[in-house]
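Heads up, the thing below is written out as structure tokens.
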Amino acid sequence: MARGPEALRPAVMALHWATLPAIVAWLAAGLPGWLVALHAFAWTGASVVWGLRGGPSPALTGTLRRAAWLTHPVLLAIYTGGALLAALDAALARPLLLATLGLGALHGTFNLWRSSVLGDGSLRRMLPKAMH
Numbered sequence: 020m021a022r023g024p025e026a027l028r029p030a031v032m033a034l035h036w037a038t039l040p041a042i043v044a045w046l047a048a049g050l051p052g053w054l055v056a057l058h059a060f061a062w063t064g065a066s067v068v069w070g071l072r073g074g075p076s077p078a079l080t081g082t083l084r085r086a087a088w089l090t091h092p093v094l095l096a097i098y099t100g101g102a103l104l105a106a107l108d109a110a111l112a113r114p115l116l117l118a119t120l121g122l123g124a125l126h127g128t129f130n131l132w133r134s135s136v137l138g139d140g141s142l143r144r145m146l147p148k149a150m151h
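Adding 19 to a residue's 1-based position in the sequence shown gives its number in my numbering.
Dropping the structure here:
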């Protein structure tokens, strides 16, 4: 169930979907670290103020349902840490942002599985309305 004002949905979705291109652009030295950090702080700030926008699938139960609540804050924390290091030009930023990409790939794969196998409509909640 989404939290925060409904008007926030497009902005949070834009922040979510801009993460992959932002990290890749930084890794390719095409995006300044401070811009990646600004992006991460905007997303983290919205999550801290209004809470996470998504939630676990209604079809998940028990441990899987509880674990689903941990994935978003953990991914966001790793990304924000890497983005902060990117702004400071620290050597640790690259491995942390590469870890974010790897975990993000697992996150995306899980959500494709969740939508196709569990049929919970998760992609409809995650994709912009124009793509439904």
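All C-beta atoms, glycine included, are put in the ideal place defined by N, C-alpha and C.
Pairing L104 with A112 gives a Cβ-Cβ distance under 7 Å. Taking C-alpha positions only, P24 is separated from W62 by approximately 15 Å. Membership of P75 in any alpha helix (DSSP H) is not indicated, and neither H nor E is assigned to it by DSSP. Distance from V31 to A65 at the Cβ level is roughly 6 Å; contact confirmed, criterion being Cβ atoms closer than 8 Å. Look at A110 here: in three-state DSSP terms it is coil, with no helix or strand label.
By the Cβ neighbour-count rule, S76 is buried, with 16 or more other Cβ atoms within 10 Å of its own. In this structure, A56 and A106 form a Cβ contact; the two beta carbons are roughly 4 Å apart against a cut-off of 8 Å.
Here the alpha carbon of T90 sits roughly 17 Å from the alpha carbon of L34. Taking all protein chains in view, the Cβ of A110 is surrounded by fewer than 16 other Cβ atoms within 10 Å, so the residue is classified as exposed.
A distance of 7 Å or more separates the beta carbons of L94 and A87.
Taking C-beta separations shorter than 7 Å and ignoring five residues to either side along the sequence, the partners of R84 in its chain run P75, following chain order.
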